[in-house]
Every structure is written in structure tokens, then in C-alpha cells.
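In terms of the UniProt record's numbering, the sequence shown has 235 at position 235, counting the first letter as 1, and numbering is strictly consecutive.
Every residue gets a Cβ at the ideal spot worked out from N, C-alpha and C, and that includes glycine.
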Amino acid sequence: MTRIAICAPATPITRDHAAALEALVAEEFPQHSVWFHEQCFASQDHFAGPDQQRMDALVECANHPDYDAVWFAKGGYGSNRIAQAATTFMDGEARRKTFVGFSDMGYLLAMLYKLDIGQQVHGPMPVSARSESGREGVRRVLRWFSGDTSGVEPSVDGRTPTAAFNLITLSMIAGTPLMPDLRGHVVMVEEVSEHLYAVDRLFFHLTNLLPPGLAGLRLGEVNHVPENDREFGQSAEDIARFWCARMGIPYLGRAQIGHYAGNHVVPFGLASPAGAA
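Following this line, the structure appears as C-alpha cells:
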């Protein structure tokens, strides 16, 4: 049984989102339990409550001895505002936990990975439990908690360290105190709702700041690309190949991650693809 605490380090979810996940877990995964911190439903301006409230909830979940994992409720924007400070309050309980999320949660996953606090996992989040396509992504995470590796990104082999991020998130992390050491890693990136010229700009910035000695880069889904008044003339994969070639980074092909129904689980580092049953 995996006991999972859920908090919202960036933007809020609704009680309907929570009810949808609770129903799914009760019906299909009774071996697991989920608990939503009340902070998930808080709202102040853009965020799920002020920075202090979001940080306190995160630290409470991370340090709570009654839970095995922390599942971030939703992305959006805001976890970067609390990531560095929050980790200073995390204790030994946090170091035995699994932390799951993606998109904006990459700021937290990066900081936790850098400090070796727990096991970090890129994966779908509870906010997706209300739609059928989203529920399948949520099931991948819950199956992984049961030791089922069918939802793990197919290229993850447990022999080469891996990390997965949203492209703009990793680009913003690079060069800051949140940036982990990614030498020797396969780095997977995905993006959503960005013009292709912006994707190109992000790859320029990121590939210039990534450390030498990467095992390679994989490109996940790049979708919901807005129309521009000029065609960029290159696809997202063309862009990834171009900047990898220019900067001497092995381009390894595509990855099944991103803001879509096919988003898969990626355990960070050299973790076994299997979750803790």
C-alpha cells in the first residue's frame, strides 16, 4: 500500500478534481490511499494561496511520517517561488518519500534531485483525473506505485540516469541554484502552447547552459503550438536536432512525455523503472 499526500505548490484544484481521483483510487486501486491537503483548494490571485501557505503545505506533506509519497496536484506557475526555501525545512521523512509531478513542478523536482531528497518522478497529476484521457495518465502513476512498469517511458532502462522536464521550466532552472548536475544523464524535454520561434529560443538558451557530457537529449510532445504571422519553417524536432548538433549533444529521438494523454512516468536518476509496491 502506498499512502499518498497531495498538495498544490503552484495553482489550485477544485474539490471536484479531488473527488474524481478519490473515486478512481477507491474503485481501481484500493491498495493505495490519497489525502488532499486543504491548501490544494486555496486561492490568492494566480496561486493556490500565498507563498508561505503553499510552502508550509509542501513541507508538512514531505515531513509527515504517515505518508510514503507526495503527489503534486497541478502545475501552472509558482513552485519556483518556494522550491529553494521549502527544502531547507525538509527532514529525514522527506528523504524517504517519492515526489511526483511535471510541468511547473519541475522546479521542485530539480531542487529535490539536486539535494538528494527522496525519489523524484515525472508523471501525470491529480488534476487530470476528471477526463477519461487524463485518467489513463493518472492510472500510469498509480500502477507505477504498485510496481507495474507498463506506464514508464519506454526508453528508461535504469542503467543511464534520466531526468524529464518541461522545456521552458528547465531553461529557467539552468544557471540558478535549483539546477541539478545532469552530466551523464538522458534529458527529456516537452513543451506546450509556445510558438516554434520561442521553442527555438529556449533550445538556444538551454543547450548553451547544459553541462558537457550529457548522455543525450530526447524530445517529448510539443503541442498546442499557436499560429504565428510567419511560418517558422522548422518542426520542433528539427529545432531540437539543430541545437543538439550545434552544441555537441547526442540527439536520441522522441520521448513519450508531455501535456497529452500519452504522458508517461520517468523516475529521475538511476532509479529502477519499477515503483515501490
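Straight across, the Cα-Cα distance linking Pro-12 with Ile-82 is about 15 angstroms. Between the beta-carbon of Val-141 and that of Val-100 there is about 6 angstroms, and that keeps the pair under the 8 angstroms contact cut. When the Cα atoms are used, Gly-269 and Gly-184 turn out to be separated by approximately 10 angstroms.
Residues of the same chain with a CB within less than 7 angstroms of the CB of Met-55, apart from the 5 flanking positions on each side, are Ile-82, Ala-85, Ala-86 in chain order. Taking the Cβ atoms as the reference, Arg-135 lies roughly 7 angstroms from Ser-128, within the contact range of under 8 angstroms. Per DSSP, the continuous alpha helix (DSSP H) segment holding Leu-24 begins and ends at 15 to 28.
An exposed status is given to Ala-245, since fewer than 16 other beta-carbon atoms sit within 10 Å of its beta-carbon. Annotation for Leu-170: Gly-106, Ala-110, Val-187, Val-189, Leu-206 place their beta carbon closer than 8 angstroms to its own, counting only its chain and skipping 5 residues before and after. Shown here for Val-34: same chain residues with a beta carbon closer than 7 angstroms to its own, the five before and five after excluded, namely Ile-4, Ile-6, Leu-21, Glu-22, Val-25 in chain order. The beta carbons of Tyr-260 and Glu-227 sit no closer together than 7 angstroms.
When DSSP reads this structure, Ala-48 sits in no beta bridge, so it has no partner.
Collapsing the DSSP output to three states places Arg-3 in a strand. Distance between Glu-38 and Ala-10, taken at the CA atoms: about 14 angstroms. For Phe-203, the secondary structure class from DSSP, reduced to helix, strand or coil, is helix. Ala-62 is a Cβ neighbour of Ala-94, given a cutoff of 7 angstroms.
For the options Gln-53, His-46, Met-1, the alpha carbon positioned closest to that of Pro-30 is the one of Met-1.
Annotation: the continuous alpha helix (DSSP H) that includes Thr-169 extends over 167 to 173. Using a Cβ distance threshold of 7 angstroms, Pro-267 and Val-121 count as a contacting pair.
In the three-state reduction of the DSSP assignment, Tyr-260 falls in the coil class, being assigned neither a helical nor a strand state. Burial is judged here by how many other beta carbons sit within 10 angstroms of a residue's own beta carbon; Gln-52 has fewer than 16 and is exposed. Ser-79 and Pro-161 have their C-alpha atoms some 24 angstroms from each other. In the DSSP assignment, Ser-33 falls within the beta strand (DSSP E) that extends over 33 to 36. Nearest to Val-225 by C-alpha distance, out of Leu-214, Gly-213, Asp-200, is Asp-200.
Secondary structure note for Leu-108: its alpha helix (DSSP H) is the uninterrupted segment 106 to 114.
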